[in-house]
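The structure appears below as structure tokens.
4 protein chains.
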Amino acid sequence: MSGNFRKKLHEIIYEADTPAGKLFDVVLLLLILISVVTVMLESVASIAAVYGEELNIIEWIVTIFFTIEYIARIASVKKPAAYIFSFYGVIDLLSTLPKYVDLLFPGLGFLLSIRALRLLRVFRILKLMHFVGASNQLLTALSKSRIKIAVFLFGVIILCVIMGTLMYIIEGPESGFVNIPISIYWTIVTLTTVGFGDITPVTPFGQFMSAVIMILGYGIIAVPTGLVTAQFMQDSTQKSTQVCRVCNADHHKDKAKYCYNCGNNLNK
Amino acid sequence: MSGNFRKKLHEIIYEADTPAGKLFDVVLLLLILISVVTVMLESVASIAAVYGEELNIIEWIVTIFFTIEYIARIASVKKPAAYIFSFYGVIDLLSTLPKYVDLLFPGLGFLLSIRALRLLRVFRILKLMHFVGASNQLLTALSKSRIKIAVFLFGVIILCVIMGTLMYIIEGPESGFVNIPISIYWTIVTLTTVGFGDITPVTPFGQFMSAVIMILGYGIIAVPTGLVTAQFMQDSTQKSTQVCRVCNADHHKDKAKYCYNCGNNLNK
Amino acid sequence: MSGNFRKKLHEIIYEADTPAGKLFDVVLLLLILISVVTVMLESVASIAAVYGEELNIIEWIVTIFFTIEYIARIASVKKPAAYIFSFYGVIDLLSTLPKYVDLLFPGLGFLLSIRALRLLRVFRILKLMHFVGASNQLLTALSKSRIKIAVFLFGVIILCVIMGTLMYIIEGPESGFVNIPISIYWTIVTLTTVGFGDITPVTPFGQFMSAVIMILGYGIIAVPTGLVTAQFMQDSTQKSTQVCRVCNADHHKDKAKYCYNCGNNLNK
Amino acid sequence: MSGNFRKKLHEIIYEADTPAGKLFDVVLLLLILISVVTVMLESVASIAAVYGEELNIIEWIVTIFFTIEYIARIASVKKPAAYIFSFYGVIDLLSTLPKYVDLLFPGLGFLLSIRALRLLRVFRILKLMHFVGASNQLLTALSKSRIKIAVFLFGVIILCVIMGTLMYIIEGPESGFVNIPISIYWTIVTLTTVGFGDITPVTPFGQFMSAVIMILGYGIIAVPTGLVTAQFMQDSTQKSTQVCRVCNADHHKDKAKYCYNCGNNLNK
Chain D
1 MSGNFRKKLH EIIYEADTPA GKLFDVVLLL LILISVVTVM LESVASIAAV YGEELNIIEW
61 IVTIFFTIEY IARIASVKKP AAYIFSFYGV IDLLSTLPKY VDLLFPGLGF LLSIRALRLL
121 RVFRILKLMH FVGASNQLLT ALSKSRIKIA VFLFGVIILC VIMGTLMYII EGPESGFVNI
181 PISIYWTIVT LTTVGFGDIT PVTPFGQFMS AVIMILGYGI IAVPTGLVTA QFMQDSTQKS
241 TQVCRVCNAD HHKDKAKYCY NCGNNLNK
Chain C
1 MSGNFRKKLH EIIYEADTPA GKLFDVVLLL LILISVVTVM LESVASIAAV YGEELNIIEW
61 IVTIFFTIEY IARIASVKKP AAYIFSFYGV IDLLSTLPKY VDLLFPGLGF LLSIRALRLL
121 RVFRILKLMH FVGASNQLLT ALSKSRIKIA VFLFGVIILC VIMGTLMYII EGPESGFVNI
181 PISIYWTIVT LTTVGFGDIT PVTPFGQFMS AVIMILGYGI IAVPTGLVTA QFMQDSTQKS
241 TQVCRVCNAD HHKDKAKYCY NCGNNLNK
Chain E
1 MSGNFRKKLH EIIYEADTPA GKLFDVVLLL LILISVVTVM LESVASIAAV YGEELNIIEW
61 IVTIFFTIEY IARIASVKKP AAYIFSFYGV IDLLSTLPKY VDLLFPGLGF LLSIRALRLL
121 RVFRILKLMH FVGASNQLLT ALSKSRIKIA VFLFGVIILC VIMGTLMYII EGPESGFVNI
181 PISIYWTIVT LTTVGFGDIT PVTPFGQFMS AVIMILGYGI IAVPTGLVTA QFMQDSTQKS
241 TQVCRVCNAD HHKDKAKYCY NCGNNLNK
Chain U
1 MSGNFRKKLH EIIYEADTPA GKLFDVVLLL LILISVVTVM LESVASIAAV YGEELNIIEW
61 IVTIFFTIEY IARIASVKKP AAYIFSFYGV IDLLSTLPKY VDLLFPGLGF LLSIRALRLL
121 RVFRILKLMH FVGASNQLLT ALSKSRIKIA VFLFGVIILC VIMGTLMYII EGPESGFVNI
181 PISIYWTIVT LTTVGFGDIT PVTPFGQFMS AVIMILGYGI IAVPTGLVTA QFMQDSTQKS
241 TQVCRVCNAD HHKDKAKYCY NCGNNLNK
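Chains as they are written, first to last, in UniProt numbering: chain D, 1 to 268; chain C, 1 to 268; chain E, 1 to 268; chain U, 1 to 268.
Encoded structure:
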């Protein structure tokens with residue numbers, strides 16, 4: 001394969017600057033969406049019974065496209081191994097395989113977990129989203145406060161372990177709190193304000209403890225929110241680090257050309 | 001129709017500065033509320049059986065008023081087509097039609113979807129709310145952070161697709177996770193901390209995964225909140241309304257003496 | 001009654017500066033709590049059957065105290081009518097009456113709504129809380145953003161009316177969406193992420209619409225939070241309005257005595 | 001015991017600066033996790049039936065380690081009484097006892113509440129977390145706004161008492177609102193947006209009141225969030241760590257040149 005063709009292919013597949021590159025991304029996005037919808041519909045018994053054949057054909061078309069894309073991706077990069085063993089390389093391979101497994105081992109292909117691998121393609125959409133600036137901003141703010149959020153969630157889990165055990169002792173197996181793991185699961189359901197209602201306390205003291213857990217959950221949701229908000233605020237205010245060389249004023253506006261305090265030209 | 005009368009009519013219907021214009025808005029608001037309540041009550045079988053006749057009369061009175069209003073609106077504007085095909089023009093027409101459909105095709109009029117069209121009138125209340133400054137402020141803040149919120153919600157949906165498929169594989173049809181769309185629906189119910197409890201996981205691993213989804217949902221609600229809060233804060237701190245008389249730049253810092261764009265002295 | 005005694009009484013009952021005034025407030029708080037717990041316990045059939053007599057005696061003691069307090073309050077103020085027809089005056093009277101109604105009309109006294117009037121006393125606790133500075137701060141922030149919150153809640157209710165009607169048309173009476181008011185109730189339950197699960201959508205399209213409502217509710221909770229947070233922030237930063245008379249620097253710390261910029265004494 | 005050995009032991013157990021001290025902390029953490037998982041698994045009937053013997057052996061190993069640790073802790077501190085009667089001293093003793101109670105009183109040891117004492121060890125993890133800076137920051141922010149949060153939660157509880165009583169009067173025992181405490185429990189479940197669905201209103205007016213409670217709960221969650229966020233923001237902006245050398249005042253403004261308290265030049 002000529003180096004020029006490979007370079008051109010790389011441009012189309014990996015970049016989004018040229019019209020061909022943009023078209024490729026849009027087609028890819030559409031095919032991923034079609035593929036995801038197909039997998040979903042196939043899982044609905046009534047639809048699979050009527051349109052099973054059509055869904056199978058669509059899935060084969062999509063699979064063939066993804067196979068060609070996978071080969072093209074390997075062919076166009078200089079170090080194929082780096083792509084193959086990257087996160088998206090593995091995703092691309094795994095999400096293409098199910099149909100071939102279906103062909104080679106017809107019985108095995110009906111296994112749910114193998115067919116569902118095709119849904120891994122949605123991760124690709126996340127990659128396409130990286131072109132959207134806003135998503136990077138969100139991820140930056142989340143990533144900056146990730147240690148604090150992790151510490152908070154860890155504290156929440158310890159709280160759930162203690163509260164769950166307490167509820168197990170108070171309510172006991174008769175009320176559905178059959179063992180400690182189930183009780184902890186119930187405490188998480190309650191503290192996060194989800195509240196399925198499949199297990200509910202029946203003793204007065206159990207209901208009192210539940211009320212305490214709920215009010216706790218209602219109150220401490222403020223913590224992650226506060227953390228992320230404070231991070232967003234800092235990111236949006238700390239934009240310009242320029243300091244005026246004449247009067248030493250700082251906190252200039254983002255694209256200021258002149259000092260707001262003394263009128264000095266900041267770019268000189 | 002004399003131009004003067006048309007101008008007067010326009011003033012009453014479209015503006016709220018004159019006493020007549022204000023009265024018109026209040027009467028309109030009241031009639032919309034009466035209409036909405038009537039539609040609601042008609043849907044309650046026990047009330048419809050007893051007060052059906054009275055509700056029908058009220059609805060006819062309201063419909064006649066709205067018909068007159070619709071004609072007056074067309075008559076008072078210079079370009080009727082612009083109003084007729086605008087969002088509120090279509091709303092006004094559609095919400096007035098049901099009673100006439102009822103008269104012309106008695107059988108058809110009993111169709112729910114046609115009768116419910118009358119409820120579209122509540123949109124008019126939103127239009128009347130535009131006079132309230134606070135609602136514009138809210139909409140501005142929401143609209144400014146709408147791209148970030150959309151990116152966030154998109155990420156949430158992808159997360160729900162992956163988690164929902166995983167739950168479908170783990171739990172299977174016996175626990176109510178009968179197909180992937182239902183499992184995704186359940187994941188949305190759980191992640192948003194709604195938690196109906198119509199479908200609940202029964203396997204230990206399914207319950208563990210649910211706990212993960214819940215804690216995720218409890219944690220990432222911080223993201224939209226943080227976004228909107230940061231936007232509100234920015235809006236409330238950017239108070240300087242000075243505009244540079246040389247280059248017309250605005251959004252100056254609070255105590256700026258010189259224009260950040262051209263260096264002009266703002267206080268002169 | 002001597003004017004001196006009345007002044008003393010007023011000091012004890014209405015103020016909390018003297019030891020006697022403080023003691024009075026603590027005793028009042030305790031009696032209110034005892035009264036509230038008594039009313040609650042009386043409503044529990046199993047407890048009322050065993051301890052009915054004791055609860056009755058306690059309630060009489062509390063009622064007599066509140067009667068004396070009510071008379072003392074009227075006696076100690078200069079304009080009794082102002083107290084009698086004030087919010088707390090009405091609360092005090094209504095919460096004292098039930099026991100006497102019980103005595104005069106033994107049959108009527110068993111009516112729930114009359115007995116429950118005694119619980120109105122908890123409002124008094126709110127009044128005692130006014131001495132706590134933090135509660136005033138909270139109320140100020142809430143009160144300042146009350147118009148925006150009202151506009152937001154109004155928008156939420158209109159959204160619920162439209163979505164509820166839509167769900168009624170989609171799901172229909174078979175799924176529990178028996179009429180429009182019930183459907184709107186269900187939409188509020190879902191949008192606020194409460195999710196009882198007593199009514200749940202069963203059609204695929206209904207479940208899709210529910211997912212939309214849930215994600216909406218999950219997203220727009222950011223609005224009131226953002227409003228209140230922005231208000232709190234403003235309140236906590238805008239504390240000192242002093243401006244230095246030497247160098248014109250402002251934004252001084254809350255209890256600053258000297259200018260942070262030039263060292264001038266601010267209180268001179 | 002030689003003073004040197006005791007000092008060394010103290011270094012390993014109470015500090016995390018030396019390699020031996022770090023290793024001790026990691027081993028302790030692992031043993032706590034093993035112990036917690038063991039207690040959980042023992043409560044699951046199906047697992048206890050098959051692996052009861054193995055779990056018993058693991059629990060004995062862990063108990064022996066914790067016994068040695070407890071003795072070592074007492075031996076290595078200068079004032080053993082201070083440790084023994086401290087929060088963590090009591091936790092350490094109580095969480096070690098259950099197995100010995102099991103040995104001495106075989107019948108009693110099967111009591112849930114005694115076996116569950118072993119779970120108290122998770123508190124130790126919280127102590128190990130103190131080395132993580134982020135957790136201190138979180139606790140500081142929470143602790144600073146604790147009075148405001150307490151006042152808020154107190155207001156919420158009073159609201160729940162009043163609303164719960166109202167719901168009890170409206171719905172009555174037929175709908176599951178059997179007494180006032182249960183109705184208040186239901187109000188807390190609803191206001192905190194948990195929504196189990198074990199008790200749900202059935203009368204139209206009861207459903208209307210529920211909608212009011214839900215919208216209230218949806219709105220006022222903004223308050224604790226706003227409080228904690230404002231606190232986080234203040235903590236992250238108050239960065240100046242200068243302390244005046246004349247009057248020891250701290251928390252100076254970011255670019256303060258003079259002490260706000262005594263007017264001293266801070267830069268000298």
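Ideal Cβ placement from N, Cα and C applies to all residues, glycine included. A quick note: this is a predicted structure, and the numbers were derived from the prediction, not measured.
By the beta-carbon neighbour count (other beta carbons within 10 angstroms, threshold 16), TRP186(E) is buried.
Residue pairing by DSSP places ASN265(E) opposite TYR258(E) in a beta bridge. For ARG146(C), the enclosing alpha helix (DSSP H) starts and ends at 146-171.
In the structure shown, the three-state DSSP call for ASP17(U) is coil. Rounded to whole angstroms, the gap between the alpha carbons of SER143(E) and ILE182(C) is 43 Å.
A contact between stretches requires three or more CB pairs, one per stretch, nearer than 8 Å, and the stretch 57-76 of chain D fails this requirement with the stretch 186-196 of chain C. When rounded, the separation of the alpha-carbon atoms in LYS127(C) and PHE232(D) is 33 Å. With contacts defined as CB atoms closer than 7 Å, PRO224(C) and ALA222(E) qualify as a contacting pair.
Around the beta carbon of PHE5(U), a 10 Å sphere encloses fewer than 16 other beta carbons of the protein chains shown; the residue is thus reported as exposed. Ranked by Cα distance from SER35(U), the first of ARG118(U), PRO106(U) and VAL44(U) is ARG118(U). For GLU53(D), the uninterrupted alpha helix (DSSP H) segment begins and ends at 45-76. Below 8 Å, enough C-beta pairs join the stretch 202-212 of chain E and the stretch 165-182 of chain E to call them touching: three or more.
A straight line joining the alpha-carbon of LYS7(U) with that of LEU216(C) spans about 45 Å.
Taking 7 Å as the cut-off, the Cβ atoms of ILE32(D) and LEU41(D) do not count as close. Distances from the CA of LEU94(U) to each of ALA82(U), SER113(U) and VAL77(U) were compared; the closest alpha carbon is that of SER113(U). Every alpha helix (DSSP H) stretch that sits fully inside the stretch 167-232 of chain C and reaches 4 residues is listed by chain position as 180-191 and 204-220. Using a Cβ-Cβ cut-off of 7 Å, GLY219(E) counts as an interface residue toward chain C, since at least one Cβ of chain C sits closer than that to its own. In this chain, the alpha helix (DSSP H) harbouring PHE87(E) covers 87-104. In this structure LEU227(E) is in contact with SER145(E), their Cβ atoms being roughly 5 Å apart against a cut-off of 8 Å.
Within chain U, the residues whose beta carbon sits less than 7 Å from that of GLY197(C) are GLY197, listed in sequence order.
Boundaries of the alpha helix (DSSP H) around ALA82(U): 80-84. Collapsing the DSSP output to three states places GLY107(D) in coil. Within 8 Å of the CB of THR229(D), the CB atoms of chain C belong to ALA222, THR225, GLY226, THR229 and ALA230, in sequence order along the chain. Under the three-state reduction of DSSP, VAL246(D) is assigned to coil, being neither helix nor strand. Contact check for SER76(D) against ILE13(D) passes: the beta carbons are separated by less than 7 Å. Here CYS160(C) has ILE184, THR187, ILE188 and LEU191 as same chain residues with Cβ atoms under 8 Å from its own Cβ, once five neighbours each way along the sequence are excluded.
Here the C-alpha atom of LEU29(C) lies approximately 10 Å from the C-alpha atom of LEU23(C). The beta carbon of ILE149(U) sits closer than 7 Å to the beta carbons of PRO224 and LEU227 from its chain, once the five residues preceding and following it are set aside; these are given in chain order. A direct Cα-to-Cα measurement between VAL212(D) and VAL151(U) gives close to 16 Å. Between the alpha carbons of MET214(C) and MET167(C) lies a gap of roughly 13 Å. Counting only residues of its own chain and dropping the five nearest sequence neighbours on each side, PHE65(E) has a CB closer than 6 Å to the CB of LEU31.
A direct Cα-Cα distance of roughly 19 Å separates LEU120(U) from GLY206(D). Look at PRO181(C): its C-beta is under 7 Å from a C-beta on chain D. The residue among LYS99(C), ASN265(C), VAL156(C) and LEU103(C) with its C-alpha nearest the C-alpha of ILE125(D) is VAL156(C). Listed along the chain, the chain E residues whose CB falls inside 8 Å of the CB of THR63(D) amount to none; the nearest CB is some 26 Å away.
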